[in-house]
Amino acid sequence: MAESPITPREKDFATWYQDVVIQGDMAEPAEIVKGCMVIKPNGYAVWEVLQRELDTRFKATGHQNVYLPLLIPESFLTKEAEHVEGFSPELAVVTHAGGKKLEEPYVIRPTSETIVGHFFSKWIQSHRDLPMLLNQWANVIRWELRTRMFLRTTEFLWQEGHTAHSTHEEALEEVIRMLDVYAEVAEDVMAMPVVKGVKTRAEKFAGALRSYSIESMMQNGLALQAGTSHDLGQNFGKAFDVQFQSKEGKLDYVWQTSWGVSTRLIGGLIMTHSDDKGLVLPPKMAHRKVVIVPIFRKDDEKAIVMEAAAKLAKEVGAHIDTREGHSPGAKFFHWERRGVPIVLELGPRDVAAGNIVIKRRDTGTKEVIPQTELAAKVAETLEAMQRDMFSKAKQRLQDNTVVANSIGEVREILDDVTAEKGGGKFVMAHLKDDPANDAAIKEFRASVRNIPLVDEYDGPGKCIITGEEVAQRVVIAKSY
RNA sequence: CGGGGCGUGGCUCAGCCUGGUAGAGCGCCUGGUUCGGGACCAGGAGGCCGGAGGUUCGAAUCCUCUCGCCCCGACCA
Numbered sequence: 006m007a008e009s010p011i012t013p014r015e016k017d018f019a020t021w022y023q024d025v026v027i028q029g030d031m032a033e034p035a036e037i038v039k040g041c042m043v044i045k046p047n048g049y050a051v052w053e054v055l056q057r058e059l060d061t062r063f064k065a066t067g068h069q070n071v072y073l074p075l076l077i078p079e080s081f082l083t084k085e086a087e088h089v090e091g092f093s094p095e096l097a098v099v100t101h102a103g104g105k106k107l108e109e110p111y112v113i114r115p116t117s118e119t120i121v122g123h124f125f126s127k128w129i130q131s132h133r134d135l136p137m138l139l140n141q142w143a144n145v146i147r148w149e150l151r152t153r154m155f156l157r158t159t160e161f162l163w164q165e166g167h168t169a170h171s172t173h174e175e176a177l178e179e180v181i182r183m184l185d186v187y188a189e190v191a192e193d194v195m196a197m198p199v200v201k202g203v204k205t206r207a208e209k210f211a212g213a214l215r216s217y218s219i220e221s222m223m224q225n226g227l228a229l230q231a232g233t234s235h236d237l238g239q240n241f242g243k244a245f246d247v248q249f250q251s252k253e254g255k256l257d258y259v260w261q262t263s264w265g266v267s268t269r270l271i272g273g274l275i276m277t278h279s280d281d282k283g284l285v286l287p288p289k290m291a292h293r294k295v296v297i298v299p300i301f302r303k304d305d306e307k308a309i310v311m312e313a314a315a316k317l318a319k320e321v322g323a324h325i326d327t328r329e330g331h332s333p334g335a336k337f338f339h340w341e342r343r344g345v346p347i348v349l350e351l352g353p354r355d356v357a358a359g360n361i362v363i364k365r366r367d368t369g370t371k372e373v374i375p376q377t378e379l380a381a382k383v384a385e386t387l388e389a390m391q392r393d394m395f396s397k398a399k400q401r402l403q404d405n406t407v408v409a410n411s412i413g414e415v416r417e418i419l420d421d422v423t424a425e426k427g428g429g430k431f432v433m434a435h436l437k438d439d440p441a442n443d444a445a446i447k448e449f450r451a452s453v454r455n456i457p458l459v460d461e462y463d464g465p466g467k468c469i470i471t472g473e474e475v476a477q478r479v480v481i482a483k484s485y
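The opening position of the first sequence corresponds to residue 6 in my numbering, with each subsequent residue numbered one higher.
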């Protein structure tokens, strides 16, 4: 037994997740710093793919990247009342520097709305400066009490978009545009289906008018907020005095948005697709899509096999596992745990027959094919995997979405659901957007995930708590 | 912050109750035989037992304090 086995999902989903992260060589707990993790090469490569996919789309929608300071004067946080209330409990504060106590402490950014507000007020004077469309790739710190690798760590990597507009309409368009970008990356690249919607007032970002989110469903049925896009209204504009002069010569505050996704997405990716054998990556997320495991005994066999392997590897852009001192079996397990989409086996028998063995990670299907067909077969298999993995996840989401018409029913369905045991559902119910109702749902540790932008159900109905007429059903679930 | 668990070679842990020369498996190094789903044999390197104080002739073991990590809840991307 070369490396520790992975706890089956059935037995304990939370432990399974940790095992997959560690065995897949994605990350490990930092241990020396509370709640932090070390993202290892295999995990960081996945983040780099995500960065590339997102960044390309940000640029295509007119955004530019900037970088702002990690430290924020403490007083900045207090300028927006809701914002400070929302973030105060989880701030890490720098009180000493240069061997002296600081006159005014700095907080380590939990997010950058305030510092952006400050600079927007410097940079924006005229309607000609608008819209201002910026994005920042950065790390932030939120002192969470409970952490899980990728899903919630004290320090995490993310991108935060910050934009300023001259009208609310335009800002709203931006909010939805970026939510769509997130949904596209989640579904088309990560093969992770999401539900787009508006957060309830109780669940919105501290300081926003409204927040929008994409919510995905993990294999245990728990919801994961995979991305958010906020309509900040003029709240930060007013707090930081970001005014512009309109065409008509009138002064007005800018309308802002902010939006972000984080390394949490990697957690979502893992919990959407992986299995009891380890990590499973959709082809578009795999930095290493094809690996060849050469098989041979004697030196003359080795020469023949390696020559054929090198030729085929070049043809399909594969990595050859040339490590010595490991049996082929050990190599198969190695790549399987790391989620490589396609593993090719090539031994003397195959070379003699002009064949090669192709195995796909998601289904475990193994096939012997002529080497001449390899390139076509690889391309076709990668495409099929991407498609099938999305379908499978989509099906699971549908199978585990249920309708409920009373609070008792909702509670019945979700009461015993935990991250470890699983059994989670998305429960569609009519509920009025009122913090009191959110609180009632919280009593059994569930929450309103969002109010879907597209109502796929029966339209208006009576709120399961107040009985008032509401426009549509909302998503209620246990979540990470 | 409440509850639980845990700090002993790189990793997983045993030893602690009942104080007396620091152990195992895995990994690592060397050599040989292996190699189509986690190979085997032989030899070898590697630890002031989380930290501080105390009890004792003697502490990984007993006592006090302390630091940290993990898991479960409340908070949250």
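Where is the CB? At the ideal position from N, CA and C, for every residue including glycine.
(Q) Only counting the same chain, and skipping five residues up and downstream in sequence, which positions put a Cβ closer than 7 Å to that of residue 380? (A) 320, 321
Q. In angstroms, rounded to a whole number, what distance separates the CA positions of residue 285 and residue 441?
A. 41 Å
Q.
At 3 residues or longer, what runs of the beta strand (DSSP E) sit wholly inside the region 40-115?
A. 42-44, 76-78, 98-102, 105-113
Q | Secondary structure, beta strand (DSSP E): runs of 3+ residues fully inside the region 268-302 | A | 295-299
(Q) If contacts are defined as beta-carbon pairs under 8 Å, then residue 347 and residue 387 qualify, I think. What distance do you get, rounded to the angstrom? (A) 7 Å
Q. Taking just the CA atoms, how far does residue 210 sit from residue 98?
A. 21 Å
Q.
Going by C-alpha to C-alpha distance, which of 146, 80, 361 sits closest to residue 245?
A. 80
Q.
Once the 5 residues before and after residue 8 are set aside, which same chain residues still bring their CB inside 7 Å of it?
A. Annotation note: pLDDT 48 at residue 8 (below 50); position unreliable, coordinate value reported separately. Only 28 meet the Cβ criterion.
Q: Excluding the 5 residues preceding and the 5 following residue 122 in the sequence, name in chain order all residues of the same chain whose CB lies nearer than 7 Å to its CB.
A: 241, 244, 245, 247
Q: Would you tell me roughly how many angstroms separate the C-alpha atoms of residue 312 and residue 269, rounded to the nearest one?
A: 42 Å
Q | alpha helix (DSSP H) runs wholly inside the region 373-455, at least 4 long, in chain order | A | 379-404, 412-419, 440-447
Q. Any idea what DSSP makes of residue 2, helix, strand or coil?
A. In the structure displayed, the chain extends from 6 to 485; residue 2 sits before or after that span and is not available.
Q: Taking 8 Å as the cut-off, decide whether the C-beta atoms of residue 170 and residue 264 are in contact.
A: no
(Q) One question on the structure: do residue 128 and residue 134 come within less than 8 Å of each other, judged by their Cβ atoms? (A) yes
Q) Does the pairing of the region 338-354 with the region 296-307 give three or more beta-carbon distances under 8 Å? A) yes
Q. When burial is assigned at 16 or more other CB atoms within 10 Å of the CB, is residue 271 buried or exposed?
A. buried
**Q.** Own chain residues within Cβ distance below 6 Å of residue 422, not counting five before or after
**A.** 428, 429, 483
Q: Report buried or exposed for residue 443, applying the criterion of at least 16 other Cβ atoms within 10 angstroms of its Cβ.
A: buried
Q: Look at the Cβ atom of residue 179, then the Cβ atom of residue 100, and state whether they are nearer than 8 Å.
A: no
Q | As assigned by DSSP and simplified to three states, the class of residue 164 | A | strand
Q | residue 358 to residue 40 span [Cα, whole Å] | A | 54 Å
**Q.** Proximity winner among 370, 369, 375, relative to residue 487 (alpha-carbon distances)
**A.** A query on residue 487 cannot be resolved here, the shown segment of the chain reaching from 6 to 485 and no further.
Q: Consider the C-beta atom of residue 26 and the heavy atoms of the ligand NAP; say whether any pair is separated by less than 7 Å.
A: This structure lacks the ligand NAP; in fact it carries no ligand of any kind.
Q. Using the beta-carbon count (16 or more within 10 Å), is residue 481 buried or exposed?
A. buried
Q) So what does DSSP say about residue 173, is it helix, strand or coil? A) helix
Q | Inter-stretch contact at 8 Å, needing at least 3 Cβ pairs: the region 199-207 / the region 145-162 | A | no
Q: Could you round the C-beta distance between residue 257 and residue 249 to whole angstroms and report it? I think they count as a contact, below 8 Å.
A: 6 Å
Q: Using three-state DSSP, classify residue 199 as helix, strand or coil.
A: strand
Q. From 446, 439, 461, pick the residue whose C-alpha is nearest to that of residue 473; which is it?
A. 439
Q. To which residues of the same chain is residue 317 closer than 8 Å at the C-beta, ignoring the five residues directly before and after it?
A. 297, 323, 349, 351, 361, 376, 379
Q) Which residue's Cα is closest to the Cα of residue 467: 479, 304, 435, 450? A) 435
Q) Mind pulling the alpha helix (DSSP H) runs of 4 or more residues that sit fully within the region 313-353? A) 333-342
**Q.** Residue of 471, 32, 363, 165 minimising C-alpha distance to residue 385
**A.** 363
Q: Pull up the distance between the alpha-carbon of residue 75 and that of residue 117, whole angstroms please.
A: 9 Å
Q) Which whole-angstrom value describes the C-beta separation of residue 44 and residue 283, a residue pair presumed to lie in contact below a C-beta threshold of 8 Å? A) Between residue 283 and residue 44 the Cβ distance is about 17 Å, and since that is not below 8 Å, they are no contact.
**Q.** Backbone secondary structure at residue 6 - three-state DSSP
**A.** Any reading at residue 6 must be qualified, since the residue scores a pLDDT of 31, below 50, and its modelled position is unreliable; the value itself is stated next. DSSP places residue 6 in coil when its eight states are reduced to three.
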